[in-house]
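So the mapping is simple: the numbering used here equals the position in the sequence shown, first residue as 1, plus 37.
Working notes, beginning with the structure itself.
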Amino acid sequence: MIIRKATLSDVVPLIVLVTEFRKFYKQESNPEELQTFLEERINKGDSEILVAVVKNQLAGYAQLFPSFSTIKLNKIWILNDLFVLEAFRGKGIASLLIKTILKFSKATQRKQVWLLTGNDNKGAQQLYSKLGFNNTKFKHYVYNN
């Protein structure tokens with residue numbers, strides 16, 4: 038298994054993974070819009086997309102967005118997406134993606150990695166705790182336009 042930065046040649050297979058990720062969060066599928074979104078992220082370099090490759094197939098991915106924390110008075114990463122295809126779950130791919138992200142965070146001198154997950158996503162919550170993430174107990178609110 039290889040973890041590497043996504044390139045434009047990964048966009049089409051990434052659409053499958055990101056569509057499944059979005060389905061989990063009850064979002065509609067829109068492959069054309071998703072392709073444009075992913076191509077823009079890669080071309081503009083305004084996010085970091087890491088892919089897990091197993092036998093030349095994308096098995097999982099993670100997407101980080103840069104941000105800042107007034108509390109930490111420093112740069113942080115927001116781990117916005119983390120997804121592994123069902124056929125590849127239980128093989129340590131999500132764990133390896135996160136460990137790679139944590140090394141990348143240190144290498145880029147970010148003070149924290151923030152993430153959110155569904156209240157019902159107990160497997161992910163256990164993994165995050167096991168890898169050193171803390172449940173902050175803060176309430177999360179969203180306003181949609």
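Where a beta carbon is used, it is the ideal one built from N, C-alpha and C, also for glycine.
Model, not experiment: these values are computed from the prediction.
Residues bridged to residue i (per DSSP)
i           : result
residue 183 : With the chain covering only 38 through 182, there is no way to say anything about residue 183.
residue 89  : 40, 97
residue 120 : 98
residue 152 : 116
Inter-residue spacing [alpha-carbon to alpha-carbon] between residue i and residue j
i           : j           : result
residue 50  : residue 90  : 11 Å
residue 106 : residue 114 : 10 Å
residue 174 : residue 111 : 22 Å
residue 165 : residue 171 : 8 Å
residue 118 : residue 98  : 8 Å
residue 169 : residue 53  : 29 Å
residue 67  : residue 56  : 8 Å
residue 48  : residue 42  : 12 Å
residue 160 : residue 144 : 28 Å
residue 63  : residue 108 : 32 Å
residue 94  : residue 130 : 13 Å
residue 167 : residue 135 : 11 Å
residue 121 : residue 46  : 19 Å
residue 104 : residue 179 : 17 Å
Secondary structure of residue i, DSSP reduced to three states
i           : result
residue 41  : strand
residue 49  : helix
residue 132 : helix
residue 69  : helix
residue 62  : coil
residue 78  : helix
residue 145 : coil
residue 125 : helix
residue 138 : helix
residue 180 : coil
Distance CB(residue i)-CB(residue j) smaller than 8 Å
i           : j           : result
residue 84  : residue 71  : no
residue 38  : residue 152 : no
residue 137 : residue 75  : no
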